[in-house]
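Data first, discussion second: the structure below is written as structure tokens.
Residue numbers (the numbering used here), protein chains in the order written: chain A, 14 to 151; chain B, 2 to 191.
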């Protein structure tokens with residue numbers, strides 16, 4: 014340390030009194046403990062992961078179910094599965110308006126994707142409605 | 002195990018005895034508040050920062066690695082919390098003319114000259130601290146007020162030892178300049 018640095022060090026030491034530590038205000042410990050108690054109680058009351066995320070979890074389960082069914086159910090082979098669900102799916106074909114595939118004639122997009130696309134806004138609406146419903150309850 | 006050590010009380014808290022944490026708060030509150038106050042320069046904010054730090058430490062008590070002491074670990078939380086707060090509310094820089102004190106101010110609310118001199122010195126140091134960066138305020142507090150060595154400060158701040166020395170050198174220089182300027186302006190010799 015050169016002379017100038019030593020002078021600066023001494024000056025600072027003269028002004029800084031290590032014994033003059035600023036004490037925490039009165040009631041600091043009880044206030045802190047009260048905040049911790051509140052937090053602990055809130056943590057206990059907090060809904061669990063499944064309760065908190067029920068809407069996306071239910072939606073994900075439904076979508077996963079659809080995907081599994083789409084993979085497992087063979088096209089045009091209802092007899093081999095014979096499920097009620099497949100019967101229902103076939104009925105959908107009848108009840109839904111037919112789509113002329115002139116636009117997608119040469120495309121390799123599977124036919125069910127049209128329905129999937131149509132289902133998106135419907136699912137979005139459903140999601141919004143469920144969100145509103147559950148939040149209203151809370 | 003020493004029944005009064007931090008580790009003992011931490012063990013109690015982890016067993017579910019929340020109130021044992023109050024012993025830890027009581028033990029470290031002044032140092033935590035002091036560090037927060039020197040960095041923030043504001044009592045209300047310092048109290049909030051110190052409380053937040055204790056709560057953060059409580060939340061992470063399970064993850065408290067016993068590599069360092071609880072005090073060092075808590076200091077690190079206080080240091081980071083205070084710096085984040087100061088950065089979020091950057092104010093305009095003060096000038097020497099902003100130092101509000103003159104001899105009469107301190108003598109008017111002190112019992113005697115000695116107390117007035119102490120108050121003046123403390124105010125001037127706090128003023129000079131506000132003129133350096135928030136990180137450097139923390140370093141100066143830990144080095145000069147808490148008398149920690151650079152190795153301990155390095156553990157708290159995450160800055161390497163040579164970096165701490167350089168920063169302390171610059172901070173010291175700047176603070177000394179400010180103190181001298183104010184002393185020239187206010188002819189008050191404690």
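No residue lacks a Cβ here, since even glycine has one placed at the ideal position from N, Cα and C.
Here the structure is a predicted model, which is why all the values come from computation and not from measurement.
Exposed unless 16 or more other CB atoms sit within 10 angstroms - verdict on residue i
i, result
"residue 32 of chain B", "buried"
"residue 18 of chain A", "exposed"
"residue 47 of chain A", "exposed"
"residue 7 of chain B", "buried"
"residue 5 of chain B", "exposed"
"residue 159 of chain B", "exposed"
"residue 71 of chain A", "exposed"
"residue 51 of chain B", "buried"
"residue 167 of chain B", "exposed"
"residue 131 of chain A", "exposed"
"residue 39 of chain A", "exposed"
"residue 162 of chain B", "exposed"
"residue 63 of chain A", "exposed"
"residue 121 of chain B", "buried"
Beta-carbon proximity of residue i to residue j, cut-off 8 angstroms
i, j, result
"residue 198 of chain B", "residue 135 of chain B", "The requested residue 198 of chain B does not occur in the structure, where chain B is confined to residues 2 to 191."
"residue 52 of chain A", "residue 180 of chain B", "no"
"residue 75 of chain B", "residue 58 of chain B", "yes"
"residue 125 of chain A", "residue 74 of chain A", "no"
"residue 22 of chain A", "residue 174 of chain B", "no"
"residue 17 of chain B", "residue 84 of chain B", "no"
"residue 43 of chain A", "residue 145 of chain B", "no"
"residue 29 of chain A", "residue 126 of chain B", "yes"
First through last residue of the alpha helix (DSSP H) which encompasses residue i
i, result
"residue 77 of chain A", "67–85"
"residue 46 of chain A", "41–58"
"residue 59 of chain B", "44–60"
"residue 140 of chain B", "135–141"
"residue 17 of chain B", "No alpha helix (DSSP H) holds residue 17 of chain B; DSSP gives it neither H nor E."
"residue 122 of chain B", "114–130"
"residue 80 of chain B", "71–89"
"residue 18 of chain A", "16–28"
"residue 157 of chain B", "151–158"
Any C-beta of chain E under 8 angstroms from that of residue i
i, result
"residue 48 of chain A", "Checking the listed chains, one finds no chain E in this structure; the protein chains it contains are A and B."
TODO: Check whether the segment 72–81 of chain A touches the segment 36–48 of chain B, taking contact to mean three or more Cβ pairs, one atom from each stretch, closer than 8 angstroms.
DONE: Per the Cβ contact rule, the segment 72–81 of chain A is not in contact with the segment 36–48 of chain B (fewer than 3 Cβ pairs under 8 angstroms).
Open item on the list: Can you confirm whether the segment 75–92 of chain B touches the segment 16–33 of chain B when touching is taken to mean that 3 or more C-beta pairs between the two stretches lie within less than 8 angstroms?
Closed with: The segment 16–33 of chain B, when compared against the segment 75–92 of chain B, does touch it at the 8 angstroms Cβ threshold.
TODO: Return the residues of the segment 22–33 of chain B that lie within a Cβ-Cβ distance of less than 8 angstroms from chain A, sorted by chain order.
DONE: Listed by position, the residues of the segment 22–33 of chain B near chain A (Cβ gap below 8 angstroms) are 22, 23, 26, 27, 30, 31, 32, 33.
- [ ] Identify each residue in the segment 26–40 of chain A for which the Cβ-Cβ distance to at least one residue of chain B is less than 9 angstroms, and report them in chain order.
- [x] If the cut-off is 9 angstroms between Cβ atoms, the segment 26–40 of chain A has 26, 27, 28, 29, 30, 31, 33, 34, 35, 36, 37, 38 near chain B.
Open item on the list: Please list, in chain order, the residues of the segment 72–89 of chain B that have any C-beta partner in chain A closer than 9 angstroms.
Closed with: From the segment 72–89 of chain B, no residue has a Cβ closer than 9 angstroms to chain A.
Open item on the list: By the 7 angstroms beta-carbon criterion, what residues does the segment 140–166 of chain B contribute toward chain A?
Closed with: Taking 7 angstroms as the Cβ-Cβ cut-off against chain A, the residues of the segment 140–166 of chain B that qualify are 145, 146, 148.
Task: Members of the segment 33–66 of chain B that neighbour chain A once the beta carbon cut-off is set at 7 angstroms - done: Within the segment 33–66 of chain B, the qualifying residues are 34, 35, 38, 48, 51, 52, 55, 56, 59.
TODO: Please name the residues in the segment 167–185 of chain B whose beta-carbon is closer than 8 angstroms to at least one beta-carbon of chain A, in chain order.
DONE: For the segment 167–185 of chain B, which is checked against every Cβ of chain A, the residues closer than 8 angstroms are 170, 173, 174, 176, 177, 180, 181.
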